[in-house]
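Novice: Below is one structure. I have some questions about it.
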Amino acid sequence: MNISLFIGSYIVAFAMLWRLAIVVFPFLILLVIPGLIYGMTLMSLSSKIREEYNQADTIAEQTISSIRTVYSFVGENKSMIAFSNALQGTVNLGLKQGLAKGLAIGSNGFVFAIWSFMCYYGSRLVMYHGAKGGTVFAVGATIALGGL
Numbered sequence: 001m002n003i004s005l006f007i008g009s010y011i012v013a014f015a016m017l018w019r020l021a022i023v024v025f026p027f028l029i030l031l032v033i034p035g036l037i038y039g040m041t042l043m044s045l046s047s048k049i050r051e052e053y054n055q056a057d058t059i060a061e062q063t064i065s066s067i068r069t070v071y072s073f074v075g076e077n078k079s080m081i082a083f084s085n086a087l088q089g090t091v092n093l094g095l096k097q098g099l100a101k102g103l104a105i106g107s108n109g110f111v112f113a114i115w116s117f118m119c120y121y122g123s124r125l126v127m128y129h130g131a132k133g134g135t136v137f138a139v140g141a142t143i144a145l146g147g148l
């Protein structure tokens, strides 16, 4: 769906106001690359977090299923420490995931910078080449939303 939205938005932009679409086309990489990096990073981190939670789940399940044995050998603290250590890996991965989300949100500044450039160049098209302001806005919105 994202690829079809991206391609469709650029086709519509080229059909509506080709000059603006061509000028903004080189900035396309600034819209696409952060999203791709964020998607790949988030997928790998979420699978690692799932594995870490599975380890903690295994420890808790074994402890609860044999609670009488754990209690009789005074293994509560040992089980608690093992469970806490298993969860510590998820904390570290969660911090990495938060950093990736923060960088993705921060990369939205590129969208605003590209939008401001489109407004500037669109105003030039309105003043000197007879383009209509509504068309410039529609093309800008189409390109910005298609690139996200």
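Start counting the sequence shown at 1; every next residue gets the next number (full-length UniProt numbering). Glycine is no exception: its CB is placed at the ideal position from the N, C-alpha and C atoms. Every value quoted in this text rests on a predicted model; they were computed, and no experiment measured them.
Where Ala82 and Ile59 are concerned, what is the direct C-alpha to C-alpha distance, given to the nearest angstrom?
Specialist: The residue labelled residue 82 in the question sits at position 82 within the sequence shown. The residue labelled residue 59 in the question sits at position 59 within the sequence shown. About 7 Å.
Novice: Return yes when the Cβ of Leu125 is within less than 8 Å of the Cβ of Val111, no when it is not.
Specialist: As a first step, residue 111 must be located in the sequence shown, where it is residue number 111. As a first step, residue 125 must be located in the sequence shown, where it is residue number 125. The answer is no: Cβ separation not under 8 Å.
Novice: How far does the alpha helix (DSSP H) with Lys101 in it extend, from its first residue to its last?
Specialist: For this step, residue 101 is matched to residue 101 along the sequence shown. Unbroken alpha helix (DSSP H) run through Lys101: 76–106.
Novice: For Ala15, does the count of other Cβ atoms within 10 angstroms reach 16, so buried, or fall short, so exposed?
Specialist: Translated into positions along the sequence shown, residue 15 becomes position 15. It counts as exposed.
Novice: Do the segment 34–42 and the segment 100–116 touch if we need at least three Cβ pairs shorter than 8 Å?
Specialist: yes
Novice: Whole-angstrom Cβ separation of Leu31 and Gly147, contact assumed at under 8 Å?
Specialist: To locate residue 31, count along the sequence shown from 1; it is residue 31. To locate residue 147, count along the sequence shown from 1; it is residue 147. Right, their Cβ atoms sit about 3 Å apart.
Novice: What do you reckon, are the CB atoms on Ala100 and Leu45 nearer than 8 Å?
Specialist: Residue numbering aside, residue 100 sits at position 100 when the sequence shown is read from its first letter. Residue numbering aside, residue 45 sits at position 45 when the sequence shown is read from its first letter. Yes; because the gap between Cβ atoms is below 8 Å, this pair is in contact.
Novice: Along the chain, where does the alpha helix (DSSP H) that runs through Gly140 open and close?
Specialist: Numbered from 1 along the sequence shown, position 140 holds the residue referred to as residue 140. 133–147 is the extent of the alpha helix (DSSP H) around Gly140.
Novice: Only counting the same chain, and skipping five residues up and downstream in sequence, which positions put a Cβ closer than 6 Å to that of Gln55?
Specialist: On the sequence shown, residue 55 is found 55 positions in, with the first residue counted as 1. If the five residues before and after Gln55 are omitted, its C-beta is found closer than 6 Å to the C-beta atoms of Ala86, all from its own chain and listed in chain order.
Novice: Could you spell out where the alpha helix (DSSP H) holding Phe14 opens and where it closes?
Specialist: Stepping through the sequence shown from its first residue, residue 14 is reached at position 14. Taken as a continuous stretch (DSSP letters only), the alpha helix (DSSP H) holding Phe14 covers 2–16.
Novice: Go to Ser46, then tell me how far its alpha helix (DSSP H) extends in each direction, as first and last residue.
Specialist: Stepping through the sequence shown from its first residue, residue 46 is reached at position 46. 28–65 is the extent of the alpha helix (DSSP H) around Ser46.
Novice: According to DSSP, simplified to helix, strand and coil, what is Gly109?
Specialist: In the sequence shown, counting from the first residue as 1, residue 109 sits at position 109. Residue state, collapsed to three classes: helix.
Novice: Closest to Phe117 by CA distance: which of Leu28, Ile11, Tyr10 is it?
Specialist: Mapped onto the sequence shown, residue 117 falls at position 117. Of Leu28, Ile11, Tyr10, the residue nearest in Cα terms is Leu28.
Novice: For Gly133, count the other beta carbons within 10 Å of its own beta carbon; 16 or more makes it buried, fewer makes it exposed. Which is it?
Specialist: As a first step, residue 133 must be located in the sequence shown, where it is residue number 133. By the neighbour-count definition (other C-beta atoms within 10 Å, threshold 16), Gly133 is an exposed residue.
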